[in-house]
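Residue numbers (this note's numbering): 958 to 1305.
Note that CB positions come from ideal geometry on N, CA and C, so glycine has one too.
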């Protein structure tokens, strides 16, 4: 949720989406006796939107342990999981990079100074050699030159070793930075793209793709609240992960699978025919319908869990919000007409 440029929390500006979130957030806050102030709202916004897995995990743990989420806990949640999630990681990496650069710079400067001193000494000894005739004196001066040359070579080798070490450290830091950036766009629960990555990807795809060859599929787990109420949030999380696995299984390599928010997921399907988009969505739905899930702790079967899916086709003049609205409209139609079905916006 946090942008890596400024680390200031940013939110989706879709009026429709935020109105939906509002209807979910306020009752939850009231149920847990949480004051409706801006800090608390930001926490529960992230919780409902499902784009901050660590926050969701901590809040669910507090709820399961029946720990009151008072103002002190809320402020800590806000500071740690809303404002500072990415900042701390990036600051640590940046600090380490600066240390490595500083150490390498010191090593280079030391070697440069040593080379300057040695060069001055060589020049002086050259003048001495030009003005002496005794073989013994010449031998002494040459021995001094050899010693200084060996000393410079040792210093140069030490610098090379330090630079090699710094290079290895920088490579590790580059890998760590890549991982942090990956975490910033990955949903912690499912491993799918998170909401922020979904928004960015959808905008890019719409800008780059031809109309009529791109589809958006929105999936919602039917009666998911009942799953949480009957079996608890841990089982609910496992159900979401199972659906995510089905989506990855049936989608194609050039598709983008994301957790859109809570129990709602999405697939962006560029360069895809209408038949293929419907086939993929139907495969996911039917596979979920035929699945017989069990609890891990006692092996007891869960009640039948199904999916409702809405599909919309990219049209000329679309922006992300208009495409999402049509897919969401199709999803709403699927739910209103019995659930456990795929509805294409064009077929309404």
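| Item | Value |
| --- | --- |
| Is residue 994 buried or exposed, if buried means 16 or more other CB atoms sit within 10 Å of its CB? | exposed |
| By how many angstroms is the C-alpha of residue 1255 removed from the C-alpha of residue 1164? | 49 angstroms |
| Please work out which residues of its chain come closer than 6 angstroms, Cβ to Cβ, to residue 1176, disregarding the five sequence neighbours upstream and downstream, and give them in chain order. | 1222, 1264 and 1266 |
| Look at the Cβ atom of residue 1225, then the Cβ atom of residue 1162, and state whether they are nearer than 8 angstroms. | yes |
| Looking at residue 1021: is its Cβ nearer than 8 angstroms to the Cβ of residue 1190? | yes |
| What did DSSP end up calling residue 1301 once you bin it into helix, strand or coil? | strand |
| Please classify residue 1156 as buried or exposed, where buried requires at least 16 other C-beta atoms within 10 Å of its C-beta. | buried |
| For residue 1249, which of helix, strand or coil comes out of DSSP? | coil |
| What are the partner residues of residue 1218, as DSSP defines its beta bridges? | 1221 |
| Residue 999 by DSSP, collapsed to three states: which one? | helix |
| To the nearest angstrom, report how far apart residue 1017 and residue 1194 are at their CA atoms. | 10 angstroms |
| For residue 997, collect the residues of the same chain with a Cβ closer than 6 angstroms to its Cβ; drop the 5 residues on either side in sequence, then sort them by chain order. | 991 and 1031 |
| Measuring straight from C-alpha to C-alpha, what distance separates residue 1246 and residue 1297? | 8 angstroms |
| First and last residue of the beta strand (DSSP E) that includes residue 1166? | It is not in any beta strand (DSSP E) - residue 1166 carries neither H nor E in the DSSP assignment. |
| Report buried or exposed for residue 1143, applying the criterion of at least 16 other Cβ atoms within 10 angstroms of its Cβ. | buried |
| Taking the CB atoms as reference points, tell me whether residue 1271 and residue 1171 lie closer together than 8 angstroms. | yes |
| Taking the alpha helix (DSSP H) that residue 1289 belongs to, which residues open and close that run? | 1277-1293 |
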